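Sequential numbering of the sequence shown, starting at 1417, is according to our numbering.
We put the CB at the ideal spot given by N, CA and C, even for glycine.
Bear in mind that the values here come from a model prediction, so they are computed numbers and not experimental data.
Please read the structure below before turning to the comments.
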Amino acid sequence: MTDLVIVRENTEDLYAGLEEGNAERATATRLITRRASERIAKFAFNLAQSRRFAVTAVHKANVLKKTDGLFLLVCKEVALNYSNVRFSDMYVDAAAMNLIRAPQEFDVIVTTNMFGDILSDEAGQVVGGLGLAASGNIGENFAIFEPVHGCAPDIAGTNTANPTSLILSAAMMLDWLGRQNGDNQTKLASQAIQKSVESCLAAGKVTPDLGGKLTTLEMGHAIKAGLSQEVYN
């Protein structure tokens, strides 16, 4: 079974947009700071404590010695405060390969912005496509939850889009709200949604992208029906 989370730093790296250039030459500055690296590493380790107690830091410190070197160093420092969590690190190219070869070996992956962007799409495809991939941008006090995928103009208006990633993003939101506010009922609601989605997938009640015949609305109704059973059981 594949059950992993990619924790991606989302404010720095090449995506900070520090670029300059002309028609002949362009450069981009890769920004990695101790503060952001420490913040994302702590989040990953705290998350691992509610999962399978394993964190893998993904980097390219053998080539990017200063930037990824700093990120890896901070991850190792943070790991010292979590003796109950197994820590390892992996080069990003090896991680990309192993996500396909043995995704079940990963629990929590923590990485920098661009690597996380690429690996999260790969991981989504490994489990069946981006229609299954939920995500959240989680800050210190606020968070935004949304599917990993973008728009799909080729199927607009056809009622065939997979609603699972949106529904699972809502479940992720409920789980975060429950943890933030100490609300166990909210966390139970999140778990009920996830179980209902899993039941629909196992029963083949899915949209065409997953080999099924249900429309977007029909799959939504199937998950709703399963959710009602979870709530009343």
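Positions of the beta strand (DSSP E) runs, each at least 3 residues long and wholly inside the stretch 1425-1513, are given as 1435-1437, 1442-1444, 1470-1475, 1502-1507 in order along the chain. Rounded to whole angstroms, the Cβ separation of TRP1592 and GLY1552 is 7 Å, and the two are in contact under 8 Å. Here the stretch 1574-1587 makes contact with the stretch 1549-1563; the two share three or more CB pairs at distances below 8 Å. Within the stretch 1553-1631, the complete alpha helix (DSSP H) segments at least 4 residues long are 1580-1597, 1600-1619, listed from N- to C-terminus.
Minimum Cα-Cα distance from TYR1498 among the listed residues ALA1518, ILE1609, SER1466 corresponds to SER1466.
For VAL1542, the uninterrupted alpha helix (DSSP H) run begins and ends at 1529-1542, by DSSP.
The Cβ atoms of VAL1501 and VAL1471 sit closer than 8 Å to each other. Contact between LEU1488 and LEU1515 is ruled out by a C-beta separation of about 19 Å, above the 8 Å threshold. No Cβ-Cβ contact shorter than 8 Å links SER1581 with LEU1604.
In this structure, the straight-line span from the alpha carbon of GLU1440 to that of THR1449 is close to 30 Å.
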